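Asks: Please find one structure pasted underneath; my questions will follow.
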Amino acid sequence: MLKNFKLPTGFPPSLVLKVVQKRHFKHLKMRFCADSTLIVNLPRYVSKRACEEFIATNLQWILKHFDTIKQQEANISLNQFYLFGQWVEFETLLLDRELESYLQKRLQDFGFEGDCAILMQLWQAVMQENLLMNPIGAKSKLQSLLRMVYQKALESYISLHINAISQKMQLFPKSICYGKSYRQLGCCRVKDQSVRFSLRLALMPYFCIDSVIIHELAHLRYPHHGQDFWNLVRTFDDNPQGIQEWLQANYSLNARLYQKIFK
């Protein structure tokens, strides 16, 4: 579809365009995904020319949103760490000795010196992926190390708070696990009474994490999003829509950080 595809004058050369054509698509639509790729959903009956005109007509919208994404990326600090929805100083983050020792050993394998803060070196290496001069596969290995830090932080928060919330709701999961899903922040398996949380939550404020905990615990009793389910959620969550409001307000930065760390 992209072969000989004519883009309008002014279309950003660094913006990746992905056209997806499927029979069940009813309308031409476009959106930016987590890695700032522009995705155009193209119905089977719509021609390539019509798609080109659609992109040209919406060029200003594309430029506006792409500029926002680039500004957010420029706002990614190399001297601070982003955790639980805010920028924090590296000095305020406490790593357990076992994790710190492990990170230091692994970073030395990539040629990093040990005289600087371990976490700062790791953060800067992942954020400046285009500057890395390391062997093939280094990017994914460094991301894996940084994900380990985020998972430790998220596990620590959730393990501390889910017990208190479970006591209030009188709903207790039999097991808790973690994944990297972007869209699904939490998941409940009623059959085995287990819940799973996305590591993306480590990039979000505490109130968002609490909302997801309440949401998934409520699913232990009510599998579907019926009225009884929402009544239970609202009993323990004063603002269940707050998480969506935060995501809309912080979409670009959150998506870029997710792409760099968890993708």
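Per UniProt numbering, residue 1 is the first one in the sequence shown, and the count goes up by one each step. Ideal Cβ placement from N, Cα and C applies to all residues, glycine included. Just so you know, these numbers come straight off a predicted model, no measurement behind them.
Pull up the CB-CB distance for residue 199 and residue 180, whole angstroms please, since I reckon it's below 8 Å.
Replies: 6 Å
Asks: Can you tell which of 74, 31, 8, 19 has its C-alpha closest to the C-alpha of residue 256?
Replies: 74
Asks: Give the secondary structure of residue 156 by DSSP, where H, G and I count as helix, E and B as strand, and everything else as coil.
Replies: helix
Asks: So, under 8 Å CB-CB, residue 183 and residue 261 are touching, yes? Tell me the CB distance rounded to an integer number of Å.
Replies: In this structure residue 183 is not in contact with residue 261, their Cβ atoms being roughly 16 Å apart against a cut-off of 8 Å.
Asks: Taking the Cβ atom as the reference point for each residue, do residue 44 and residue 23 lie within a distance shorter than 8 Å?
Replies: yes
Asks: Relative to the C-alpha of residue 194, which residue among 176, 155, 206 is closest?
Replies: 176
Asks: Please check the pair residue 212 and residue 185, which I expect to be a contact at CB under 8 Å, by giving their CB distance rounded to whole angstroms.
Replies: The beta carbons of residue 212 and residue 185 sit about 5 Å from each other, so the pair counts as a contact at 8 Å.
Asks: Under a three-way DSSP split, which group does residue 258 fall into?
Replies: helix
Asks: DSSP three-state call for residue 13: helix, strand or coil?
Replies: coil
Asks: Among the residues of its own chain, which have a CB less than 6 Å from the CB of residue 7, if the five just before and after it don't count?
Replies: Here the set comprises nothing.
Asks: Strictly by DSSP, which residues pair up with residue 82?
Replies: 87
Asks: Taking all protein chains shown into account, decide if residue 245 is buried (16 or more other Cβ within 10 angstroms of its Cβ) or exposed.
Replies: By the 10 Å Cβ count, residue 245 comes out exposed.
Asks: I'd like the list of long-range same chain contacts for residue 122, defined as Cβ closer than 7 Å, with 5 residues on each side in sequence excluded.
Replies: 103, 107, 142, 145, 146
Asks: Rounded to whole angstroms, what is the Cα-Cα separation between residue 52 and residue 42?
Replies: 11 Å
Asks: State buried or exposed for residue 27, treating a residue as buried only when at least 16 other CB atoms are found within 10 Å of its CB.
Replies: exposed
Asks: With distances taken between CB atoms, is the gap from residue 66 to residue 12 smaller than 8 Å?
Replies: Yes, Cβ-Cβ distance for residue 66 and residue 12 is below 8 Å.
Asks: Hey, would you say residue 168 sits closer than 8 Å to residue 236, going by beta carbons?
Replies: yes
Asks: Using only alpha-carbon positions, find the residue among 46, 88, 178, 214 that is nearest to residue 163.
Replies: 214
Asks: On the DSSP bridge assignment, give the partners of residue 179 in chain order.
Replies: 198
Asks: Where does residue 186 sit, in a helix, a strand or coil, going by DSSP?
Replies: strand
Asks: Roughly how many angstroms separate the alpha carbons of residue 138 and residue 124, rounded to a whole number?
Replies: 14 Å
Asks: With distances taken Cα to Cα, identify the nearest neighbour of residue 153 among 247, 206, 58, 60.
Replies: 206
Asks: Just curious, the beta strand (DSSP E) that residue 40 is in, first and last residue?
Replies: 38-43
Asks: Are residue 119 and residue 95 close, meaning C-beta to C-beta below 8 Å?
Replies: yes
Asks: How should residue 190 be labelled, buried or exposed, when 16 other C-beta atoms within 10 angstroms of its C-beta is the threshold for buried?
Replies: exposed
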